[in-house]
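Below is one structure; the comments refer to it alone.
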Amino acid sequence: MILHTSKNLTFFNPQFSNSFNATFFDMGISAGFPSPADDFKGQRLSLDNELIKNKEATFFARVSGQSMIGAGLDDNDLLVIDRSLEPSHNKIAVCFLDGEFTVKRLKVKGDSVWLQPENANYNPIMITEENNFIIWGIVTNVIKKV
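At position 72 of the sequence shown (counting the first as 1) the number is 71 in numbering that gives the first Met the number 0, and the numbers step up by one without a gap.
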(Lines of atoms letter the chains of each structure in order from A and count residues from 1; the text may use other names and numbers.)
(Lines give C-alpha, C1' and ligand atoms only; values in the text may rest on other atoms or scores of the structure.)
Protein backbone atom coordinates (compact mmCIF):
# COMPACT_ATOMS: atom_id res chain seq x y z
CA MET A 1 0.00 0.00 0.00
CA ILE A 2 1.45 3.37 -1.04
CA LEU A 3 1.36 5.94 1.76
CA HIS A 4 2.92 8.99 0.11
CA THR A 5 4.70 9.91 -3.10
CA SER A 6 7.10 12.81 -3.46
CA LYS A 7 9.62 13.79 -6.12
CA ASN A 8 12.41 11.75 -4.51
CA LEU A 9 10.74 8.93 -2.58
CA THR A 10 7.60 6.79 -2.62
CA PHE A 11 6.65 5.45 0.83
CA PHE A 12 5.09 2.07 1.52
CA ASN A 13 3.64 0.58 4.69
CA PRO A 14 5.20 -2.86 5.23
CA GLN A 15 2.89 -5.86 5.18
CA PHE A 16 4.20 -8.31 7.78
CA SER A 17 3.71 -11.99 7.23
CA ASN A 18 4.41 -14.97 9.42
CA SER A 19 3.98 -17.37 6.53
CA PHE A 20 6.79 -16.28 4.17
CA ASN A 21 10.06 -17.93 5.03
CA ALA A 22 12.76 -18.77 2.52
CA THR A 23 15.28 -21.54 2.92
CA PHE A 24 18.61 -20.19 4.17
CA PHE A 25 21.89 -22.03 3.69
CA ASP A 26 24.28 -20.79 6.37
CA MET A 27 27.45 -22.14 4.81
CA GLY A 28 28.62 -19.20 2.71
CA ILE A 29 28.49 -19.05 -1.06
CA SER A 30 31.79 -18.90 -2.89
CA ALA A 31 32.27 -15.93 -5.20
CA GLY A 32 35.50 -17.48 -6.50
CA PHE A 33 35.99 -21.10 -7.44
CA PRO A 34 33.03 -23.38 -6.69
CA SER A 35 33.42 -25.52 -3.61
CA PRO A 36 31.62 -28.77 -2.88
CA ALA A 37 28.59 -28.30 -0.66
CA ASP A 38 29.07 -29.69 2.82
CA ASP A 39 25.65 -31.12 3.51
CA PHE A 40 23.03 -28.56 2.39
CA LYS A 41 21.58 -28.07 5.85
CA GLY A 42 18.90 -25.47 5.39
CA GLN A 43 16.99 -23.46 7.94
CA ARG A 44 14.06 -21.11 7.49
CA LEU A 45 14.83 -17.41 7.21
CA SER A 46 12.31 -14.59 7.61
CA LEU A 47 13.26 -11.37 5.84
CA ASP A 48 10.93 -9.51 8.22
CA ASN A 49 13.05 -10.69 11.14
CA GLU A 50 16.34 -9.96 9.35
CA LEU A 51 15.54 -6.48 8.04
CA ILE A 52 13.03 -5.05 10.51
CA LYS A 53 13.89 -4.54 14.17
CA ASN A 54 10.98 -2.27 15.18
CA LYS A 55 7.82 -3.16 13.23
CA GLU A 56 5.76 -0.21 14.47
CA ALA A 57 8.38 2.35 13.38
CA THR A 58 9.51 0.79 10.08
CA PHE A 59 8.55 1.92 6.60
CA PHE A 60 9.75 1.26 3.08
CA ALA A 61 10.47 3.92 0.48
CA ARG A 62 11.52 3.59 -3.14
CA VAL A 63 14.39 5.84 -4.27
CA SER A 64 13.88 8.15 -7.22
CA GLY A 65 16.99 9.88 -8.51
CA GLN A 66 20.77 9.62 -8.48
CA SER A 67 21.93 11.86 -5.61
CA MET A 68 23.02 8.91 -3.40
CA ILE A 69 24.62 6.55 -5.93
CA GLY A 70 28.01 6.82 -4.19
CA ALA A 71 26.42 5.31 -1.08
CA GLY A 72 24.97 2.45 -3.12
CA LEU A 73 21.42 3.87 -3.28
CA ASP A 74 20.30 3.66 -6.89
CA ASP A 75 17.13 4.72 -8.65
CA ASN A 76 14.26 2.32 -7.76
CA ASP A 77 16.07 0.73 -4.79
CA LEU A 78 13.82 -0.04 -1.85
CA LEU A 79 14.90 1.50 1.47
CA VAL A 80 14.06 0.10 4.89
CA ILE A 81 13.61 3.08 7.22
CA ASP A 82 13.39 2.96 11.01
CA ARG A 83 11.82 6.03 12.61
CA SER A 84 12.78 4.91 16.13
CA LEU A 85 16.54 5.25 15.58
CA GLU A 86 18.40 8.32 16.79
CA PRO A 87 19.82 10.43 13.96
CA SER A 88 23.56 11.06 14.15
CA HIS A 89 26.56 12.18 12.11
CA ASN A 90 27.20 10.11 8.98
CA LYS A 91 23.91 8.19 9.12
CA ILE A 92 21.83 8.05 5.95
CA ALA A 93 18.50 9.66 6.73
CA VAL A 94 15.16 10.29 5.12
CA CYS A 95 14.38 13.95 5.74
CA PHE A 96 11.44 16.23 5.11
CA LEU A 97 12.85 19.50 3.77
CA ASP A 98 10.69 22.42 2.71
CA GLY A 99 7.76 20.28 1.57
CA GLU A 100 9.66 17.40 -0.02
CA PHE A 101 11.15 14.15 1.21
CA THR A 102 14.80 13.45 0.40
CA VAL A 103 17.40 10.88 1.37
CA LYS A 104 20.90 12.14 2.21
CA ARG A 105 23.83 11.51 4.55
CA LEU A 106 23.68 13.59 7.75
CA LYS A 107 26.72 15.76 8.42
CA VAL A 108 26.67 17.35 11.87
CA LYS A 109 29.37 19.92 12.71
CA GLY A 110 28.77 21.64 16.02
CA ASP A 111 25.33 23.23 15.76
CA SER A 112 25.28 22.95 11.95
CA VAL A 113 23.49 20.23 10.04
CA TRP A 114 24.18 19.50 6.39
CA LEU A 115 22.51 17.03 4.05
CA GLN A 116 25.32 15.49 2.02
CA PRO A 117 24.55 13.84 -1.32
CA GLU A 118 26.81 11.00 -2.46
CA ASN A 119 27.13 12.18 -6.06
CA ALA A 120 29.51 14.94 -7.18
CA ASN A 121 26.79 16.37 -9.46
CA TYR A 122 24.76 17.47 -6.40
CA ASN A 123 25.60 20.12 -3.82
CA PRO A 124 25.38 19.70 -0.02
CA ILE A 125 22.41 21.39 1.61
CA MET A 126 22.99 23.47 4.74
CA ILE A 127 19.97 23.42 7.05
CA THR A 128 19.04 26.84 8.43
CA GLU A 129 16.33 28.14 10.74
CA GLU A 130 14.39 29.23 7.66
CA ASN A 131 14.01 25.63 6.48
CA ASN A 132 11.03 23.47 7.35
CA PHE A 133 13.16 20.45 8.31
CA ILE A 134 12.47 17.13 10.04
CA ILE A 135 14.64 14.03 10.16
CA TRP A 136 11.96 11.47 9.44
CA GLY A 137 13.91 8.23 9.85
CA ILE A 138 17.21 6.40 9.45
CA VAL A 139 17.91 4.04 6.56
CA THR A 140 18.84 0.61 7.92
CA ASN A 141 18.84 -1.55 4.78
CA VAL A 142 18.65 -1.31 1.01
CA ILE A 143 16.91 -3.90 -1.14
CA LYS A 144 18.17 -4.07 -4.73
CA LYS A 145 17.16 -5.91 -7.85
CA VAL A 146 20.03 -7.53 -9.69
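Don't be surprised by glycine CBs; every beta carbon is placed ideally from N, CA and C. The model shown is predicted, which means the values in this text are computed figures rather than measured ones.
* In the structure shown, what three-state DSSP assignment does Gly69 receive? -> Residue 69 sits at position 70 when you count from the first residue of the sequence shown. Three-state DSSP puts Gly69 in a helix.
* Nearest to Ile134 by CA position, among His88, Arg61, Asp74, Asp47, is which residue? -> Taking the sequence shown and counting its residues from 1, the one referred to as residue 134 is at position 135. If we check each option's Cα against that of Ile134, His88 comes out closest.
* Is Ile91 closer than 7 Å to Arg104 when the C-beta atoms are compared? -> Translated into the one-based positions of the sequence shown, residue 104 becomes position 105. Translated into the one-based positions of the sequence shown, residue 91 becomes position 92. In this structure, Ile91 lies closer than 7 Å to Arg104 by Cβ.
* Is DSSP giving Leu78 helix, strand or coil here? -> In the sequence shown, the residue the question calls residue 78 occupies position 79. Three-state DSSP puts Leu78 in a strand.
* **As assigned by DSSP and simplified to three states, the class of Leu50** => Residue mapping note: residue 50 aligns to position 51 of the sequence shown, counting from 1. Leu50 sits in a helix when the DSSP states are folded into three classes.
* **Close Cβ partners of Pro86 (< 8 Å) along its chain, the five nearest in sequence each way excluded** => Within the sequence shown, the letter at position 87 stands for residue 86. Result list for Pro86: Ala92, Leu105, Ile134, Ile137, in chain order.
* Neighbourhood of Tyr121 by C-beta distance below 7 Å, restricted to the same chain and skipping five residues each side -> For the purposes of this step, residue 121 is identified with residue 122 of the sequence shown, where counting begins at 1. These residues qualify, in order along the chain: Ser66.
* Residue span of the beta strand (DSSP E) that contains Thr101, given as start and end -> As a first step, residue 101 must be located in the sequence shown, where it is residue number 102. Its beta strand (DSSP E) spans residues 99-108.
* Apart from the five residues just before and just after Ala60, which ones in its own chain have a Cβ nearer than 8 Å to its Cβ? -> The sequence position of residue 60 within the sequence shown is 61, counting from 1. Setting aside the 5 residues that flank it on each side, Ala60 is surrounded in the same chain by Leu8, Thr9, Phe10, Phe11, Leu77, Leu78, Ile80, Val93, Phe100, Val102, each with a C-beta closer than 8 Å to its C-beta; the list follows chain order.
* Asked: Out of Glu117, Ser111, Asn75, which has the shortest C-alpha to C-alpha gap to Met125?
  -> By 1-based counting over the sequence shown, the position of residue 125 is 126. Taking only the C-alpha atoms, the option nearest Met125 is Ser111.
* Asked: Roughly how many angstroms separate the alpha carbons of Glu117 and Lys54, rounded to a whole number?
  -> Position 118 of the sequence shown, counting from 1, holds the residue named residue 117. Position 55 of the sequence shown, counting from 1, holds the residue named residue 54. In a straight line, the C-alpha of Glu117 is about 28 Å away from that of Lys54.
* Asked: In whole angstroms, what is the alpha-carbon distance linking Leu84 and Lys108?
  -> Counted from its first residue, the sequence shown places residue 84 at position 85. Counted from its first residue, the sequence shown places residue 108 at position 109. Distance between the alpha carbons of Leu84 and Lys108 is about 20 Å.
* To do: Assign Val62 to buried or exposed, taking buried as 16 or more other Cβ atoms, counted over all protein chains shown, within 10 Å of its Cβ.
  => The sequence position of residue 62 within the sequence shown is 63, counting from 1. The residue is buried, with at least 16 neighbouring Cβ atoms inside 10 Å.
* **Reference Gly69, options Ser45, Gln115, Asn48, Gly98, closest by Cα** => Numbered from its first residue, the sequence shown carries residue 69 at position 70. The residue with the shortest Cα to Cα distance from Gly69 is Gln115.
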